[in-house]
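Chains as they are written, first to last, in this note's numbering: chain A, 1 to 180; chain B, 1 to 125.
Note that CB positions come from ideal geometry on N, CA and C, so glycine has one too.
Worksheet: the structure to be examined is printed underneath.
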């Protein structure tokens, strides 16, 4: 009799078990991620023709920025200024507007990969963004196979392409060669 | 702006969200098991992710509100067993539970995720 009860219990459990309803699109306004800008310790932005690396050893320090641009031999270096702080604040949260019905080809010069790492042991935030050159198009975020229009100022994001001229407070002079 | 805080009561396995002294939402939860006890103390929400899949455990953790630097979060429960069975199991033994995170039903997780901001206080007691 006991084994019959056990079997009955297991049958109920099995019937009650369900596959999770994964894949429901987040509602408009949902933040796909959010992080405190003051906690960010490293930013990596990679596009086809542009790379930006910003880091600081502690939240009390200013960011050091390194920018490389295709076609330019020199690497820009500067200390972050207000422009970078505004840019970082803009990308520190990613509220969505809606899911795109017709996704863009997730390749091309308008796409960039963004990584944000903070001082914790948490996994870094990795996202792929399309920052349009046209002002009337939204910024698009690729998440898995889905694309979302996100509530971000494209002009603010495009500022990163201007490198230290838009983001820096002061250029860092290249070190002088050592005397012998 | 009202002060927001989240109270996680391990004894009653409940979560209550407050705006100043008013209750915004209260719900059931299931916390860490006996081998992975949810840490007690005062914390803040430091990271939000939705949707989210843990690269460490390779499991979904949607509506994740991280409040420790080691990855403990309030998040949606995704297990195969129905919620009532998980709760019933937890009521019998603390060997039933998470790896330290605070599991919530989807609607509760969704509501808290939309409400809480980076910096919202979390007290686990």
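Beta-carbon neighbours of residue i, restricted to chain A and to distances below 7 Å
i: residue 99/B; result: Those within 7 Å of residue 99/B in chain A number zero; the least Cβ separation is about 14 Å.
i: residue 103/B; result: By Cβ distance, chain A contributes nothing, its closest Cβ being about 13 Å from residue 103/B, past 7 Å.
Listed by chain order, chain B residues near residue i by CB distance under 7 Å
i: residue 151/A; result: Ordered by position in chain B, no residue passes the 7 Å Cβ test against residue 151/A, which lies about 14 Å from the chain.
Residue i and residue j closer than 8 Å at C-beta
i: residue 150/A; j: residue 96/A; result: yes
i: residue 37/A; j: residue 100/A; result: no
i: residue 105/B; j: residue 27/B; result: yes
i: residue 30/B; j: residue 110/B; result: no
i: residue 161/A; j: residue 50/A; result: yes
i: residue 65/B; j: residue 112/B; result: yes
i: residue 44/A; j: residue 115/A; result: yes
i: residue 74/B; j: residue 15/B; result: yes
i: residue 124/B; j: residue 38/B; result: yes
i: residue 111/A; j: residue 47/A; result: yes
i: residue 59/B; j: residue 78/B; result: yes
i: residue 79/A; j: residue 62/A; result: yes
i: residue 94/B; j: residue 7/B; result: no
i: residue 71/B; j: residue 121/A; result: yes
i: residue 76/A; j: residue 164/A; result: yes
i: residue 64/A; j: residue 106/A; result: no
i: residue 62/B; j: residue 51/B; result: yes
i: residue 42/A; j: residue 117/A; result: yes
i: residue 19/B; j: residue 4/B; result: yes
i: residue 119/A; j: residue 28/A; result: no
For residue i, the three-state DSSP class (helix, strand or coil)
i: residue 164/A; result: helix
i: residue 185/A; result: With chain A covering only 1 through 180, there is no way to say anything about residue 185/A.
i: residue 18/B; result: strand
i: residue 114/B; result: helix
i: residue 136/A; result: coil
i: residue 42/A; result: strand
i: residue 131/A; result: coil
i: residue 24/A; result: coil
i: residue 2/B; result: coil
i: residue 125/B; result: coil
i: residue 122/A; result: coil
i: residue 7/B; result: strand
i: residue 34/B; result: coil
i: residue 104/B; result: strand
i: residue 51/B; result: coil
i: residue 114/A; result: strand
i: residue 152/A; result: coil
i: residue 37/A; result: helix
Neighbour list for residue i in chain A, Cβ cutoff strictly below 8 Å
i: residue 119/B; result: 36
i: residue 55/B; result: 123
Within chain A, partners of residue i - CB distance below 9 Å
i: residue 50/B; result: 26, 30, 31, 32 and 33
i: residue 6/B; result: Per Cβ cutoff of 9 Å: no residues; residue 6/B is ~15 Å from chain A at best.
i: residue 114/B; result: 27, 29, 30 and 31
i: residue 47/B; result: 33, 34, 35, 36, 39, 118, 120, 122 and 125
With contact counted as at least three CB pairs below 8 Å, one residue from each stretch, are the stretch 123 to 134 of chain A and the stretch 53 to 68 of chain A in contact? no
Sufficient close CB pairs (3 or more, under 8 Å) joining the stretch 90 to 110 of chain A to the stretch 21 to 38 of chain A: yes
Count Cβ pairs between the stretch 40 to 56 of chain B and the stretch 113 to 124 of chain B that sit closer than 8 Å; are there 3 or more? yes
Stretch-stretch touch, CB-based, cutoff 8 Å, three pairs: the stretch 91 to 108 of chain B with the stretch 154 to 169 of chain A: no
Give the list of continuous beta strand (DSSP E) stretches no shorter than 3 residues that lie fully inside the stretch 48 to 72 of chain A. 50 to 55 and 64 to 69
Whole alpha helix (DSSP H) runs in the stretch 67 to 98 of chain B with 4 or more residues, listed along the chain? 83 to 92
Name, going along the chain, the residues of the stretch 64 to 91 of chain B whose beta-carbon falls closer than 7 Å to a beta-carbon of chain D. The chain labelled as chain D is not found among the protein chains of the depicted structure, namely A and B.
Go through the stretch 73 to 105 of chain A residue by residue and report every complete run of the beta strand (DSSP E) that reaches 3 residues or more, in order. 76 to 80 and 93 to 99
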